[in-house]
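Visitor: Line order of the protein sequences matches chains D and X. Each residue of the first sequence is one higher than the one before, starting from 50 at the first, in the working numbering. Each residue of the second sequence is one higher than the one before, starting from 3 at the first, in the working numbering.
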Amino acid sequence: MGLLDFLKRIEPDKKESPLLHTAYDAFFTFAYSPDSTTKGGVHIKDGMDLKRTMIHVVLAMQLCYVFGTYNIGHQHFDAMGMYPGFLEGFHLKLSHGLIKLLPIFIWTHVVGLGIEFWFAYKKGHAVEEGFLVSGALIPLIMPPDIPIWMLCVAVAFAVVIGKEAFGGTGMNIWNVALLARVFVFFAYPTTISGDNVWVSGFADATGAMSLSPGSVTDYSWWHTGLFNGLFEWMGVDIFKEGAVMDGYSGATPLALAYQGGWENVTNTFSQSQLWWGTIPGSIGETSKPLILLGAAFLLLTRIASWRIMFSMVLGAISMSMLLNMWGATPFMDVPWYFQFYLGSFFFAMAFMATDPVTAASTNTGKWVYGFLIGFIGMIVRVLNPAYPEGWMLSILFLNTFAALIDHYVLESNMKKRLASA
Amino acid sequence: MLVTTLFVIAGILLITAIISITDSFLQIEAKKTGIDTSKENFSLFPRLGDMFGPSVPEDLDSSRFHVLKKGHDIKLTGEAVGDIIPVQSSRYSVKPTNFRGIAPIPKMLVAEGDEVLAGEPLFFDKQNPDIKFVSPVSGEVVEIGRGAKRAIENVIILADKKINYKKHDVPNLHEASRDEIKAFMMESGVWTSILRRPFDSLARPDEIPRDIFISTFNSAPLALNQNRVVTGKEGSFQKGIDVLAKMTDGKVFLGVDSGDAHVSKAFTDAQNAEVHYFQGKHPAGNVGVQIHHIKPIKSGDVVWTLNVQDVIIMGKLFTEGIYDASRVVALTGSELENPKIVRVTGGASVADLLRGESFGGDKRIISGNVLGGNVLSADSFLDAKTEQLTVIKEGNHHEMFGWLLPLKPRPSVSNTFPNFLFPAHKFEVDTNTHGEKRAFVMTGQYESMLPMDIYPQHLMKAIMAGDFERMEGLGINELSEEDLALCEFACTSKMPLQQILRDGLDMMQEQS
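And the structure:
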């Protein structure tokens, strides 16, 4: 009880320093669940609250974080042809991954939570938990080499325009994490599209991000100063300057599939590589088994809707089968079951489409919503010449229409009741 | 290594297949010779039908058997057990606030100091002067307590040692007209136990209900077993049904728990009523849920609902001519040393009822179950229709990382707690909210707690927006607070659903 007494003693005055009190309240309710009791209505309440819900979604992503961090390093050394085995150069790959990931993670939270705290203080209510999940998702869907300032602008846009403008957690129309991603995609197309961004740590002679042959490693003080010093002292391999191997393109499997179909993909990547995720891509979306483990966790705890996940798989399968039948381009000819080896379908299914706030809210609506995401997402992936991936756009598209789907479900419910009157 | 594993798996599959095929042959053979294979222990494996399908008794019309898949049973410690113990109280109270739908200042028929008999009118509502509210006991009116704006809060009666009843001349059920019976019911006080839906408020004198519904089991946490109530009163219960059957052009429906092996014959074999069986978790015992599955309330419909105990009181009035307001009440909850079942007259003093129990400031006495009902202080009185008191701990304490790593087990519908591994565990609960109020975030949660074709979250939003057409369309007229209580319990965002619903019902009532 000593800590509780101490925390109570340092509570700032709500009137004199409201901003400080908002921050204090957020941290206090994090450490201690509130002592409020039920008044009117039910006398006991379920042990579940929004904090617990959100933290379980974050827990479900942890394997993606571990793998994603390491894969940043693995892809970096793979481009130079160094340490080709997955576990070779473990310490180097992990430290390079951390050097790339941690700034993204920290800045996402500094900007996002900062805005959340500010709005909570301005509105005079408690800090809501929504950003716990958004903040954990955003780093996972960013390319590892994203400039930090772009990330900050994108997060600020997503939180202010995407969420707070609508009234905060529970009120937003579009998925906040995807809004950040789509902002980066549309606002900085030259920097962020193409094959350059998916493998980190290289620059050309002018210092710009580049993956062309001849580009050399772009190491920071963290590499050469901190970690090299540490590794020298430990007597293990250190970061050495190097260049991108000739013939290495850094193209993602999707780009390869777009150019030349499944065969073109398997010329570069093996099936097990595609499945386990040792491929270039956004930080957390490459490893299918680990994402599926997270999805299983969400389904087991019944936090995510199985209806959305299941119908989204159905939608994607039926569209890719249709495209198989059409078969006008090499990408359309990729067998429907191999489509799941490519891109971020599972990540979008497990963590993005199932966001309860932006998804359809009726059970019937969820079937329609999930199916259409899968269906439309596959169209965008295969038929869009500019950017061969569709889940971000199709989920945002269906977010927009979720309310309409619900409207028709509710109308039919109301009609049943009023018609027979 | 791999090959060995595969061989083992193949072997197991083969043996399973052989057993399963022989088992099927055995069943086919049994069916041919006419042996009853419906018992689940006949086969080695449960049949698909046993696992997923409803177990409708074969002799029953399946349209009268309702399987409800949704809902949740909250298991708590402090169940009331043992024989029914009669309890006397020295003082009784009648509270006008117990009756929904009457004005806060009723017209008093007695003054302080007057002597009354049990069944004699105390006051009436000025809007409906025919409906009399009567005294549950005989004795002296010692206090007429008034609250804010001179609203009458309670009428306290000092009871006689032996209760004297007012004798009524009972109209003959076969000869009297519906209006005569109605007038008698209003005059004798039993009318005040009839509730109407929509709005779950006091029945209005000018209405003829489409149907009348009675639930004969209560699925709420620690609720009183209604079989205990009806034992020895079967005649009165049947008489009450007979009376009610005269009041409607429709039917009297009884909802019976299909899972109860010891269900009273008074319920299953009731005459003048249609019996429907319900299988499922709470809130399957709620009359609102049963109405929805038997014959839903459409726009313009009015139905009546009654408790088993009120039907018995009504039946006794029509057989013996006296208004006997004694009821069976379950005294439950983890904070009682001796949870027990008592027989006491409605309106008794709580202190007399809980004599021998200790009360600190950190206990809450609930008039009803943990999912609803008023909070009573130790010096107050029972509500008129209460059949359960629950005493639990107050939860006004902080808990370190309570949202993440709770130290004590707590009931939850969420699988993030290991509760689903221990389905039989009984919880000791307190009144902590376990979190702060938030906007609606999760979806589908209420729907899985309410076995009705209703979208509670959208209904709540319609009420908040004051959209009458939508409220009615989404089924507000079918609901009462108790139906949404489980949703409110489970709500991640800690929304006060029952309060919102009542606000909506009040709005609807003003409009109608």
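Idealized CB from N, CA, C, for every residue including glycine.
Hey, is D/K212's beta-carbon within less than 8 Å of any beta-carbon in chain X?
Guide: no
Visitor: At a Cβ threshold of 8 Å, is D/K523 touching chain X?
Guide: Since the first and last residues shown for chain D are 50 and 470, residue 523 of chain D lies out of range.
Visitor: Thinking C-beta only, is X/Q228 closer than 8 Å to X/F219?
Guide: A contact, by the Cβ cut-off of 8 Å.
Visitor: Less than 8 Å between C-beta atoms, sequence neighbours within five positions excluded: which residues of the same chain meet that for X/S190?
Guide: G121, K134, V136, H170, L319, Y325
Visitor: Could you work out which residues of chain X lie near D/Y119, taking near to mean beta carbons separated by less than 9 Å?
Guide: Simply none; closest approach about 27 Å.
Visitor: Note down the Cα distance separating X/Q273 from X/G475, rounded to an integer number of angstroms.
Guide: Rounded to whole angstroms, the separation of the alpha carbons of X/G475 and X/Q273 is 35 Å.
Visitor: Pick helix, strand or coil for X/P56, following the three-state DSSP scheme.
Guide: Residue placement at X/P56 is flagged as unreliable, the pLDDT there being 49, under the threshold of 50; the coordinate-derived value follows with that caveat. Residue state, collapsed to three classes: coil.
Visitor: What does X/S221 reach in chain D if we use C-beta pairs closer than 7 Å?
Guide: Going along chain D, no residue has its Cβ under 7 Å from X/S221, so there is no contact; the nearest lies around 15 Å.
Visitor: Could you please give the first and the last residue of the uninterrupted beta strand (DSSP E) stretch that includes X/I154?
Guide: 154-161
Visitor: Are the segment 226-238 of chain D and the segment 187-195 of chain D touching, with three or more C-beta to C-beta distances below 8 Å?
Guide: yes
Visitor: Find the nearest neighbour of D/G179 within the set X/D469, X/R440, X/V139, X/T7, judged by alpha-carbon distance.
Guide: X/R440
Visitor: With C-beta atoms as the reference, is X/L481 less than 8 Å away from X/P285?
Guide: no
Visitor: Quick check: what's the CA-CA separation for D/Y73 versus D/L52?
Guide: 14 Å
Visitor: Who are the Cβ neighbours of D/A109 in its own chain at under 6 Å, not counting the five residues just before and after it?
Guide: G343, F346, L347
Visitor: What does X/V305 pair with, by DSSP beta-bridge criteria?
Guide: X/R199
Visitor: Kindly list the residues whose CB is nearer than 8 Å to the CB of X/H399, restricted to its own chain and excluding five residues on each side of it in sequence; keep chain order.
Guide: N434
Visitor: Per DSSP, X/N376 forms a beta bridge with which residues?
Guide: X/S369
Visitor: Rounded to the nearest angstrom, what separates D/G219 and X/M110 at their Cα positions?
Guide: 50 Å
Visitor: From the DSSP output, in three-state form, read off X/N166 for me.
Guide: coil
Visitor: Buried or exposed: which applies to X/H264, given that a residue is buried once 16 or more other Cβ atoms fall within 10 Å of its Cβ?
Guide: Exposed.
Visitor: Assign X/D326 to one of three DSSP states: helix, strand, or coil.
Guide: coil
Visitor: Assign X/G317 to one of three DSSP states: helix, strand, or coil.
Guide: helix
Visitor: Return helix, strand or coil for X/M497, following the three-state DSSP convention.
Guide: coil
Visitor: Hey, how far is the Cα of X/D213 from the Cα of X/A185?
Guide: Pairing X/D213 with X/A185, the inter-Cα distance amounts to about 19 Å.
Visitor: By the criterion of Cβ-Cβ separation under 7 Å, what are the contact partners of X/M444 in chain D?
Guide: T102, P405
Visitor: Taking only beta-carbon atoms, is D/D194 less than 8 Å away from chain X?
Guide: no
Visitor: Does X/G55 pass the burial test, meaning 16 or more other C-beta atoms within 10 Å, or should it be called exposed?
Guide: Low local confidence applies: a pLDDT of 48 at X/G55 is under 50, so the model's placement there is unreliable, and no value is given.
Visitor: Checking contacts by CB at 8 Å: is D/Y81 closer than that to chain X?
Guide: So yes, D/Y81 belongs to the interface.
Visitor: Taking the continuous beta strand (DSSP E) assigned at X/F126, which residues delimit it?
Guide: Following the DSSP letters along the chain, one finds X/F126 inside the beta strand (DSSP E) bounded by residues 123-126.
Visitor: So if DSSP puts X/L333 in a beta bridge, which residue, or which two residues, is it bridged to?
Guide: X/K342, X/L391
Visitor: Of all the CB atoms in chain D, is at least one closer than 8 Å to the CB of X/M509?
Guide: no
Visitor: Exposed or buried, which one is D/W223 when buried takes at least 16 other CB atoms within 10 Å?
Guide: Per the 10 Å Cβ criterion, buried.
Visitor: In whole angstroms, what is the alpha-carbon distance linking X/E490 and X/L499?
Guide: 6 Å
Visitor: Tell me whether X/V372 is buried or exposed, calling it buried when 16 or more other Cβ atoms sit within 10 Å of its Cβ.
Guide: Result: buried.
Visitor: Looking at the C-beta of X/A487, does it have a partner C-beta in chain D at a distance below 8 Å?
Guide: yes
Visitor: Residue range of the alpha helix (DSSP H) that D/F367 falls in?
Guide: Checking the sequence, you will find Ser at residue 367 of chain D rather than Phe. Element bounds for D/S367: 355-375.
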